[in-house]
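Q: Quick one: this structure, given as structure tokens, is what I'll be asking you about.
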Amino acid sequence: MDERVTLYARNLVKVFHTRRGEVRAVDGLSLEVHRGETVGLIGPDGAGKTTTVRLILGLLRRTAGESGVLGYDSMRDPFAIRAATGYIAQRFALPPDLTVQENMRFFANVYGVPRHEQRDRIDRLLAFAGLLDFRSRLAGHLSGGMKKKLALACSLVHNPRVLILDEPTLGVDPVSRREFWNLLNDLRAVEGVSILVCTPYMDEAERCQRVALIAEGRLIACDSPAAIRRQVAGELLECRPSDVRRAKALVAELPGVLEVQTYGPSLHIFVDRADERRAAIVAALEAAGIRCRGMRRIIPQMEEAFISLLRRRQEREHA
Amino acid sequence: MIDLQRLRAVLRKELTQLLRDRITLLLIFMMPLLELFFFAYAVNLSVDHIPTAVCDLSLDVRSRDFIDALVASGYFDIAEYAAGEADVIAALDEGRVRAGIVIPPDFAAQVARGQGEVLIILDGSDTYSVQAAYSAATAIAQHHALDLMVEKLRRQGQTFELMPVESSVRVLYNPTLDGLIFIVPALIAMLLQILTVNLTAQSIVREWELGTIEQLLATPIRPLELILGKLLPNLIIAAVALVLIALIGFVGMGVPFRGSVLLFLFLSLLFAISGLGLGLLVSTVAHTQNEAESITSMLMLLSMLLTGFIYPREPMPAIVRLVGDLIPLTYFVRIVRGVVTRGVGLTLVWQDVAALAIYAALAMYLAARFFHLRLD
Amino acid sequence: MGLRIWAVMQKEFIQTLRDRRTLLLLLSIPIIELFLFAYAIRMNVDHLRTVVAGAEGAECYAYVQALEASGYFDVVAYVDDQAEVIRAIDGGRARVGVVFPPTFARDLQRGTAQVLILVDGSDFFPAQTAYGMAGVTAQDYGFSVMVERLERSGYDTRFLHPPLDMRMRILYNPDMSDLVFLLPGLLAMLLQTQTLVLTSAAIVRERELGTMEALLVTPIRPLELMLGKIIPNIILVILDMLLILALGTGLLRVPFRGNVLFFFAVSALYLLSGLGLGILVSSISRSQKQTQQIVMVVVLLGAILSGFIFPRYAMPKWVQMVGLLFPLTYFLGISRGVINKGIGWSVLRPSVLSIALYVLVVLGVAVVSFRRRLE
Ligand SMILES: Nc1ncnc2c1ncn2[C@@H]1O[C@H](COP(=O)(O)OP(=O)(O)O)[C@@H](O)[C@H]1O
Ligand SMILES: [Mg+2]
């Protein structure tokens, strides 16, 4: 196996059997994370992100496929994986009735950090997470952002070589979110930690080396953010028509238009050549009595790319 | 297999959490004390001084003799005198009395003719009183009738000893048939079971409900370490509670303790372990603390009814007895009655001890087996 | 207001119905309890295992036969002496021992025979039964010996019978069925337990899981929240009650003598008291662990002090006073009165008014402390 690969999944499948029938939460997913790399697992709610990382950690029994971390198989050696991996669950899951310090101590002991190293390591991590002043506060009484930072500090207490984070910034304010990502970046760059991070936020994808877009348990694309954005065919125009719905239907029929997406009051229009088509679109809209403000060319972001890729895939399947 | 550092970490976490929540801790210790206390004073197993309405339509020597005999027995207290049978029934309807006695007019003459007849009316909506009243009244009436007959025979000149057999009944271990002696040892056992099962089930199910189990399972903690780390603090609590309630029961309430204290403590430990195992089993079935609570309160009720704690097991149908056999209290009630009340040693209760040991081992094994190692 | 309550109710309903396991538990526990009560509890013990020591001669065997004929004693072994009898009782192999003196036959001739009956006092009901029945059978046996002797001396025993006869009439429950007595109490007990458990758990759970905040930021008032959470529980509990009543009176043939409508009306009132108690418990406890401890105490003490199992008049006065803290105490008399005795409003008025007062007080205190907890 490739020396650089620290975490992998190959054709991973997980089927839940519920009362209402089978749910294919993960459906043939393949994925690799290399040393010193941050990979974003990106997809809407219910895409199967949490299920995927639980499978990789051996917290769930896989239905088919393979997965492993650092050369250990998820099903055969789950404890070896867990000893070398840090994990933050999606839901805040530290004992709420232990203090910050007690939580750190607990996880240090559980991960087998030698006694004499614990004090230094805990102090360093608390300082790193900005929690030094909150040592004796109950974990349940921390703010949302601090909870996540505490969870991060706890998951780093044994110097893991792999870090798996499930929506670590859920319910965290924008400033704390930026701080959190800075912390992650330091870890990766300075310590060479491999990081797999799940998130539904497309803007966070830009901070990853590579992103894996998934929907309905299947991989849609996996590449660097820039490369993903480049996969979107054509160029992108944005405008704010007075009647979005009618405008969308109208524009979609025009020549040179590849795809139309709505974002609230705005319309995002993919065209083969933006400069050529812009005037024609405005004219067509106005002819139909729709006023159209702020028509401009924009750079496609991850979000547009994701929706576009998802649509193309669906069209392929229907065909 | 077990890493001491990890086990210690779980132990310390559990103890910290237990000690942090002082109110819960206080409740854990107060609850058994409160229950022991009230049970001891409220449970009056041998019902006497039953409030009784008397309707004496005869008011002669014979009727007064009979009523005196009833009152002297201690079973019946005259709460009111009624003018007729209808008044007696009204008093029963309204719940003022639980028993009524109706003596017909001309009672003395009827007795002289050998045809005296007394009517006893009982409140059947209270079986407890009814049973006591029924057997008491039967025995008193029979005795009274025999006395009357013997008296008559004497007057006719029969002189030899008329009641040739006396039976003297000696109740071993509990000569005065004191309800406390019967109930306290078993109640201590019952409280110990409630405590161990509840604590264990609750502490594990809570981790599931709060979601903290996911973070724990994602660490290298082995299931056995987690289980042991959770059980040991509960065992300590159970031990402290046991000593407390045993002191109050045996010293404070003066219930005699005839056997070996050491043997009792040792067997209680075994029993506590089987309770912990049962709690663990409950936690593998229940998903929420609410469910765990439903199951444990059901268990409490079953334990009260089926284990011989209050009601004797002999008259139960075999299938119902079998359900009782699934509860560790069944074995331990027999053990405490043997070791504490009868003062016997291991040689006479070894079968139940062996059953309890097998129970504890089996419950632990099953629980460890079905303890969710994964989230699915 | 109605709309918001409806919204909370819907949420509760969906949660309850989705959680089939809890639902199943809720509905099956009362049924299991009913059947256990119906078939498991016998306070009357017969066929007590008995060992006999020193039985020699026809007189002894005649006496043993009389004991066995009573149905209360089953002789399982004949042994040599008293020590062996005590060993058998110590080991739990026998409940009762009968010890004849070596001189039994001779003493019987003289009219001074003594039999020693040893009873295992470590188990109450068998001991009580053995104690009572041993005396009665001895008397019976003595009577038959006496009659036989009178006959031998030429006395005409045809007219020899006790001059006093007793007729026993057991009102409401002529067959002395334990179930007839237990069903009304069981209903009362279940109504209290279920409402208490459901209500207290619903509120504390929401708080412990942190979903309470999400509800409190919406325009829902605390009272509406409470009502919305409580009404679905009431419906479930009422379902439980109907189920038990139907099974008890239909399948197990316990007669319902009183007015059904009156019973339902008072039950509804009584339910409110359990709910008030539940809200009170949940507003003073911080976690489900605490709620559980408190609920256990209330349930267990309620069962004991209300008169559900043991009659209240036999308790000390101050214990009776403590019993008044439980709504079950008030309702028990009503439930037994209506179902067993068939009495109604005119007789039960004081009890019904007590419950009403209790409900007012408990609900008032509960609402106040619930409000305070939220602030
Ligand atoms: N334990 C489970 N039982 C049944 N279905 C589940 C379970 N866990 C997740 N699912 C389903 O699997 C799908 C993926 O869920 P999840 O992995 O949590 O998505 P994400 O983390 O991307 O939001 C969802 O449709 C979810 O309902
Ligand atoms: Mg998720």
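Protein chains in written order, with our numbering: chain A, 1 to 319; chain B, 320 to 695; chain C, 696 to 1070.
Quick reminder that beta carbons are idealized off the backbone N, C-alpha and C, glycines included.
Note that the coordinates shown come from a computational prediction; the quantities given were computed from them, not determined experimentally.
1. Using a 10 Å radius around the Cβ and a threshold of 16 neighbouring Cβ atoms, would you call residue 1056 of chain C buried or exposed?
2. Would the C-beta of residue 90 of chain A count as close to ligand 2, meaning under 7 Å from any of its heavy atoms?
3. How about residue 167 of chain A: is its Cβ closer than 7 Å to a heavy atom in ligand 3?
4. Taking C-beta pairs closer than 7 Å, name the residues in chain A that residue 528 of chain B reaches, listed in chain order.
5. Can you list, in chain order, the residues of its chain with a C-beta nearer than 7 Å to that of residue 190 of chain A? Leave out the 5 residues immediately preceding and following it.
6. Under the rule that 16 or more other beta-carbon atoms within 10 Å means buried, what is residue 168 of chain A, buried or exposed?
7. The beta strand (DSSP E) spanning residue 100 of chain A covers which residue range?
8. Out of A/309, A/307, A/94, point me to the one whose CA is closest to residue 151 of chain A's CA.
9. Examine chain B for any beta-carbon lying closer than 8 Å to the beta-carbon of residue 87 of chain A, and answer yes or no.
10. Using a Cβ-Cβ cut-off of less than 7 Å, list which residues of the segment 671-689 of chain B approach chain A; keep chain order.
11. Quick check on DSSP: helix, strand or coil for residue 85 of chain A?
12. Which runs of the beta strand (DSSP E) at least 3 residues long sit entirely within the segment 147-207 of chain A? Give them in chain order.
13. Are the segment 357-372 of chain B and the segment 404-424 of chain B in contact at 8 Å, needing three or more beta carbon pairs?
14. Name the chain B residues whose beta carbon is nearer than 8 Å to that of residue 810 of chain C?
15. Have a look at B/446, B/486, B/451, B/430 and flag the residue whose alpha-carbon is nearest the alpha-carbon of residue 464 of chain B.
16. Residue 187 of chain A and residue 163 of chain A: beta carbons closer than 8 Å?
17. Cα separation between residue 229 of chain A and residue 209 of chain A?
18. Taking Cβ-Cβ distances shorter than 7 Å, what residues in chain B pair up with residue 182 of chain A?
19. With a cut-off of 8 Å on the beta carbons, I'd call residue 91 of chain A and residue 414 of chain B a contact; round off their distance for me.
20. Apart from the five residues just before and just after residue 114 of chain A, which ones in its own chain have a Cβ nearer than 6 Å to its Cβ?
21. If contacts are defined as beta-carbon pairs under 8 Å, then residue 617 of chain B and residue 1004 of chain C qualify, I think. What distance do you get, rounded to the angstrom?
22. For the segment 487-517 of chain B, which residues have a CB atom closer than 8 Å to at least one CB atom of chain C, in sequence order?
23. For residue 401 of chain B, does the three-state DSSP call read helix, strand or coil?
24. Please determine if the segment 952-961 of chain C and the segment 492-499 of chain B are in contact, where contact requires at least 3 C-beta pairs separated by less than 8 Å.
25. For residue 883 of chain C, verify whether its CB is less than 7 Å away from any heavy atom of ligand 1.
26. With hydrogens ignored, establish whether the beta-carbon of residue 14 of chain A is closer than 7 Å to any heavy atom of ligand 2.
27. For residue 53 of chain A, I'd like the list of residues in its chain whose CB is within less than 8 Å of its CB, leaving aside the five on either flank, ordered along the chain.
28. Ignore the nearest five residues each way along the sequence and tell me which others in residue 729 of chain C's own chain have a CB closer than 7 Å to its CB.
29. Measuring only the C-alpha atoms, how far is residue 379 of chain B from residue 428 of chain B?
30. Which full runs of the alpha helix (DSSP H) of 4+ residues lie inside the segment 576-632 of chain B, going along the chain?
31. List the residues of chain C whose Cβ lies closer than 7 Å to the Cβ of residue 350 of chain B, in chain order.
32. So, helix, strand or coil for residue 775 of chain C, using DSSP?
33. According to the Cβ coordinates, are residue 648 of chain B and residue 626 of chain B closer than 8 Å?
34. Which two residues bound the contiguous beta strand (DSSP E) that contains residue 266 of chain A?
35. DSSP three-state call for residue 485 of chain B: helix, strand or coil?
36. Pull up the distance between the alpha-carbon of residue 829 of chain C and that of residue 441 of chain B, whole angstroms please.
A: From the atom records:
1. exposed
2. yes
3. Ligand 3 is absent from the structure shown, which contains only ligand 1 and ligand 2.
4. Neighbours of residue 528 of chain B on chain A: none; closest Cβ ~11 Å, over 7 Å.
5. none
6. buried
7. That residue, residue 100 of chain A, is in no beta strand (DSSP E); its alpha helix (DSSP H) goes 100-110.
8. A/94
9. yes
10. none
11. strand
12. 162-166, 194-199
13. yes
14. 484, 485, 486, 487
15. B/430
16. yes
17. 13 Å
18. Those do not exist, as residue 182 of chain A stays about 24 Å from chain B at its closest Cβ, beyond 7 Å.
19. Not really, about 55 Å apart at Cβ, beyond 8 Å.
20. none
21. Rounded, the Cβ-Cβ distance is 17 Å, inconsistent with contact.
22. 487, 488, 489, 490, 491, 492, 493, 494, 496, 498, 500, 501, 502, 513, 517
23. coil
24. no
25. no
26. no
27. 41, 87, 164, 166, 196, 198
28. 881, 939, 942, 943
29. 10 Å
30. 580-604, 608-625
31. 988, 991, 992
32. coil
33. yes
34. 266-271
35. strand
36. 24 Å
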